[in-house]
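Chain order of the listed sequences is A and B. Quick note: the first sequence uses this note's numbering, first residue 4, plus one each step. Quick note: the second sequence uses this note's numbering, first residue 18, plus one each step.
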Amino acid sequence: MAEEGMRIISAIVEDRPGVLFKVTSLIRRRGFNIETITVGGTEKERVSRITITMRGNPAVVEQLVKQLSKIPDVLKISELEPEESAFRELALIKVSATDPSKRSDILNYISIFRARVIDASKDSLVIEIVGQPRKVQAFLDLMKGFGVIEMAKTGTVALARGARSSSSSTSSSSSSSSPPD
Amino acid sequence: MRVSGAKALVEALKDEKVEVIFGIPGGSTIPFYDALYECAEKGELRHILARHEQCAAHMADGYARAKGIPGVCTATSGPGATNLVTGIAVAHMDSSPVVAITGQVPRSMIGRDAFQEADIVGIATPITKYAFQISKASEIPDTMKAAFMLANTNRKGPVLVDIPKDVFYEEVDYMEAERVRIGGYVIKSGDPHPYSIKRAVGLVLESERPLIIAGGGVIASNASAELARLAEIIPAPVATTLMGKGSIPEVHPLSLGMIGMHGKGEANMAAEEADLLIAVGMRFNDRTVGRMEKFGENAKIIHIDIDPAEIGKNLGVDVPIVADARKALAALADRLIEVGIRKKENEWSRRIAELKEKYREFYNSEESRGSLSPKRVMKTLRSAIPERSIVTTGVGQNQMWAALHFQVLQPRTFITSGGLGAMGFGFPASLGVKVACPDRPVFNIDGDGSFLMTEQDLATAVVENIPTVTIVMDNRVLGMVRQWQCMFCEKRYSETDLGKVPDFVKLAEAYGAEGIRVEDYGGLESAIRRSVDAEVPVVIDVPVSPDEKVLPMVPPGKTLREVVWFG
Ligand SMILES: Cc1ncc(C[n+]2csc(CCOP(=O)(O)OP(=O)(O)O)c2C)c(N)n1
Chain A
4 MAEEGMRIIS AIVEDRPGVL FKVTSLIRRR GFNIETITVG GTEKERVSRI TITMRGNPAV
64 VEQLVKQLSK IPDVLKISEL EPEESAFREL ALIKVSATDP SKRSDILNYI SIFRARVIDA
124 SKDSLVIEIV GQPRKVQAFL DLMKGFGVIE MAKTGTVALA RGARSSSSST SSSSSSSSPP
184 D
Chain B
18 MRVSGAKALV EALKDEKVEV IFGIPGGSTI PFYDALYECA EKGELRHILA RHEQCAAHMA
78 DGYARAKGIP GVCTATSGPG ATNLVTGIAV AHMDSSPVVA ITGQVPRSMI GRDAFQEADI
138 VGIATPITKY AFQISKASEI PDTMKAAFML ANTNRKGPVL VDIPKDVFYE EVDYMEAERV
198 RIGGYVIKSG DPHPYSIKRA VGLVLESERP LIIAGGGVIA SNASAELARL AEIIPAPVAT
258 TLMGKGSIPE VHPLSLGMIG MHGKGEANMA AEEADLLIAV GMRFNDRTVG RMEKFGENAK
318 IIHIDIDPAE IGKNLGVDVP IVADARKALA ALADRLIEVG IRKKENEWSR RIAELKEKYR
378 EFYNSEESRG SLSPKRVMKT LRSAIPERSI VTTGVGQNQM WAALHFQVLQ PRTFITSGGL
438 GAMGFGFPAS LGVKVACPDR PVFNIDGDGS FLMTEQDLAT AVVENIPTVT IVMDNRVLGM
498 VRQWQCMFCE KRYSETDLGK VPDFVKLAEA YGAEGIRVED YGGLESAIRR SVDAEVPVVI
558 DVPVSPDEKV LPMVPPGKTL REVVWFG
């Protein structure tokens with residue numbers, strides 16, 4: 004189930020000092036309006052993956068991809084089809100849980116959403132939830148009713164489904180059909 | 018060979034066949050300059066000492082554009098490096114291959130707001146093709162090789178290499194760098210895709226009113242012969258952008274001159290009436306196309322560019338050809354010959370002739386406002402200097418008068434800050450040009466305001482013996498801004514009157530250059546003829562009325578059809 008209108012750009016970059024700056028500087032300078040950006044390692048040493056999500060018409064996304072590919076440190080860049088990719092966001096949510104009845108409501112939602120409690124105190128819970136941005140948002144909206152004290156969210160990370168690799172040039176085109184989501 | 022980082026840098030520059038560096042030394046680059054000391058003694062690697070780093074960068078840029086190879090400039094850390102910024106930005110906007118080497122504070126000091134520390138890599142990143150910071154001496158050979166490779170391949174552009182002072186002292190085993198690889202950067206063959214050529218040929222065959230618009234990319238890829246050949250085969254008239262001036266000789270029967278805000282009437286009208294635009298090595302800049310969303314509304318567009326990111330950046334096109342201009346133009350022409358196109362005289366060529374005729378009188382007329390007419394100054398210059406002379410310009414009216422009325426006959430002989438439009442570019446650029454082409458006369462057409470921004474490098478010109486000729490269009494105002502105030506602000510001339518400018522003759526003489534004030538066309542012509550072979554730099558002061566305008570003009574935000582002829 005894809006997020007409506009969401010576009011995912013995945014850039015494989017050399018992990019050198021300043022690369023993230025070069026990427027974000029370009030995004031700012033050209034006025035692209037992105038929603039999230041994440042950076043992290045890949046299966047290869049000294050190679051990182053930058054995942055960018057944005058909403059925008061195809062021409063804008065195409066222009067961002069073209070501009071980013073001009074940065075020499077960018078090894079490979081592609082737009083991922085939301086339908087054909089696995090993508091996830093992680094959120095940590097601290098909710099106030101002083102009232103025992105509310106506490107059990109919260110725990111109920113946690114199990115429905117397959118979230119997890121990772122810290123509990125007498126007055127609050129810290130909950131971890133991983134999922135598609137929309138699911139994370141829905142859970143967060145529910146939690147707001149209980150009083151969110153603090154929240155931290157990552158941007159989206161994504162991979163193409165199936166055997167295809169977007170980080171190496173030897174890619175095969177077989178893809179898994181039914182998502183074990 | 019065990020050498021210091023500074024020596025390694027010098028060796029790397031020599032390996033790149035660099036002959037000249039423009040710059041100013043400072044605390045952070047003292048070791049580099051120390052390593053240059055022997056070069057000076059042996060007559061290798063000429064260093065030209067500028068008086069302002071902005072000028073050093075413009076000199077390197079002028080050198081690069083005239084010669085078609087990278088120009089090199091250098092500055093110390095902090096203020097030296099930041100002074101380079103305008104020059105680097107000019108090179109970036111005009112895709113000129115410049116390599117800038119800056120000193121940086123020692124590694125242990127970086128990030129501590131040390132004396133003369135500036136984050137030049139951060140500052141320069143948006144205005145360079147790439148900015149490196151070297152972290153150890155062993156990186157120098159490969160990094161320099163990569164810098165030159167990046168600057169001078171695909172779409173060209175400036176590259177900055179920042180080197181901390183202590184790295185210059187570090188010892189390294191010097192070996193000439195072999196081929197270097199950087200990230201995902203690949204040097205493109207520039208070959209056009211056969212399918213896009215096929216589609217372009219289809220559009221050409223269908224078209225009745227084709228127009229070619231040639232930009233700076235045609236000059237960068239040395240594609241002038243291919244451009245003329247294609248134009249003649251179709252046949253299609255050729256308009257140029259400011260940067261494309263010289264891509265086709267402006268006396269060629271198919272040449273229409275410059276298009277755009279200050280373009281020629283016939284070029285702008287042809288663009289409005291064309292049913293096919295073949296845009297080559299140009300990027301649909303706002304000054305070129307007028308009102309963006311109306312441009313080419315009734316035409317199909319073929320866009321040839323080496324940089325895929327230019328396709329669709331400003332304007333949607335029908336057939337993109339991502340390729341080197343020379344290869345694409347040649348392929349297109351070859352295919353057209355194969356399919357047997359050769360349209361002769363037709364309605365379109367008659368219409369073009371009619372347009373040219375319609376405006377001819379305007380260009381020939383000379384409503385002089387008391388002093389010398391800029392139009393006639395440009396024509397006088399053209400007729401008095403050899404065809405192969407190279408002209409640079411300042412920014413403002415002077416630049417546009419040159420663009421409109423000075424006929425350029427060969428590529429790389431008209432050098433101007435097209436993209437950034439930086440006042441002060443013309444004079445130092447002319448010095449770089451003269452260093453690149455010492456056997457050619459070099460003329461800088463300048464405004465008084467523009468010249469005053471970088472005239473201190475007359476000192477460089479005199480000391481280093483670089484005899485270029487600057488023609489100051491002396492109107493005592495910031496003319497172009499004043500023109501806009503006249504046309505769009507009801508003559509509310511806010512801060513555009515320079516009041517008094519220096520006596521340019523005395524100014525030149527103060528530096529040891531020659532100054533000539535002219536009063537009439539006869540005097541102008543003889544001053545120009547005299548200075549063609551001058552052995553010292555010359556400044557020719559040409560009085561011009563502050564009320565002279567650049568016309569025709571397309572007001573900002575209007576379509577090319579809505580041109581204003583009288584103001
Ligand atoms: C560095 C810089 N500052 C400001 C401007 C804005 N500007 C554009 S044209 C112009 C006037 C130029 O005056 P001058 O050099 O005397 O030339 P003229 O237009 O009179 O020929 C100005 C101020 C600019 N282009 N560059």
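By construction, the Cβ of each residue, glycine as well, lies at the ideal position given by its N, Cα and C atoms.
Beta-carbon proximity of residue i to residue j, cut-off 9 Å
i: B/S112; j: B/G233; result: yes
i: B/G280; j: B/L448; result: no
i: B/V35; j: B/F49; result: no
i: B/I354; j: B/A342; result: no
i: B/G307; j: B/I318; result: no
i: A/I130; j: A/L95; result: yes
i: B/H109; j: B/L475; result: no
i: A/I115; j: A/M146; result: no
i: B/I204; j: B/T477; result: no
i: B/I265; j: B/L294; result: no
i: B/E225; j: B/W365; result: yes
i: B/V116; j: B/V197; result: no
i: B/Q71; j: B/S94; result: no
i: A/M9; j: A/R52; result: no
i: B/A77; j: B/C56; result: no
DSSP three-state assignment for residue i, whether helix, strand or coil
i: B/L437; result: coil
i: A/S172; result: Low local confidence applies: a pLDDT of 48 at A/S172 is under 50, so the model's placement there is unreliable, and no value is given.
i: B/T487; result: strand
i: B/T46; result: helix
i: B/M278; result: coil
i: A/I96; result: strand
i: B/M76; result: helix
i: B/R499; result: helix
i: A/S179; result: Confidence at A/S179 is low in this model, with a pLDDT of 44, below 50, so its placement is unreliable and the value that follows should be read with caution. Looking at A/S179 - three-state DSSP - the assignment turns out to be coil, as it is neither helix nor strand.
i: A/M4; result: Residue placement at A/M4 cannot be trusted, given a pLDDT of 46 that sits under 50; the coordinates are not used to answer.
i: B/C506; result: coil
i: B/S112; result: coil
i: B/P337; result: strand
i: A/S9; result: Checking the sequence, you will find Met at residue 9 of chain A rather than Ser. A/M9: strand per DSSP, three-state reduction.
i: B/T103; result: helix
i: A/R33; result: coil
Residue i Cβ short of 8 Å to ligand 1 heavy atom set
i: B/A439; result: yes
i: B/F468; result: yes
i: B/T305; result: no
i: B/V494; result: yes
i: B/M497; result: yes
i: B/G464; result: yes
i: B/L515; result: yes
i: B/G207; result: no
i: B/N415; result: yes
i: B/M12; result: The structure shown does not extend to residue 12 of chain B, since chain B spans only 18 to 584, so no value can be given for it.
i: B/M490; result: yes
i: B/T103; result: yes
i: B/G277; result: no
i: B/V559; result: no
i: B/V197; result: no
i: B/V412; result: yes
query: Considering only residues of the stretch 357 to 422 of chain B, which uninterrupted alpha helix (DSSP H) runs meet the minimum length of 4 residues and lie entirely inside it, listed in chain order?
result: 364 to 381, 391 to 401, 414 to 422
task: Tell me the start and end of each unbroken alpha helix (DSSP H) in the stretch 423 to 485 of chain B that is at least 4 residues and wholly inside, in chain order.
output: 443 to 453, 465 to 471, 475 to 480
- prompt: In chain order, what residues of the stretch 312 to 328 of chain B put their CB closer than 9 Å to some CB of chain A?
  reply: D324, P325, A326, E327, I328
- prompt: Of all the beta strand (DSSP E) runs that stay within the bounds of the stretch 107 to 163 of chain A, which reach a length of 3 or more residues?
  reply: 119 to 123, 127 to 134, 151 to 156, 160 to 163
- prompt: Using Cβ-Cβ distances below 9 Å, what residues of the stretch 78 to 91 of chain A are close to chain B?
  reply: L78, K79, I80
message: Could you tell me which whole alpha helix (DSSP H) segments of length 4 or greater appear in the stretch 123 to 196 of chain B?
response: 137 to 141, 157 to 169, 182 to 186
message: Against chain B, which members of the stretch 36 to 67 of chain A pass a CB distance test of less than 9 Å?
response: A62, E65, Q66
- prompt: When you check each C-beta in the stretch 113 to 145 of chain B against every C-beta of chain A, which residues fall closer than 8 Å?
  reply: V138, G139, T142, P143
message: Residues of the stretch 150 to 177 of chain B in Cβ contact with chain A at a cutoff of 7 Å, in chain order, please.
response: L167
message: What are the residues in the stretch 328 to 356 of chain B lying within 8 Å of chain A by C-beta distance?
response: I328, G329, K330, G333
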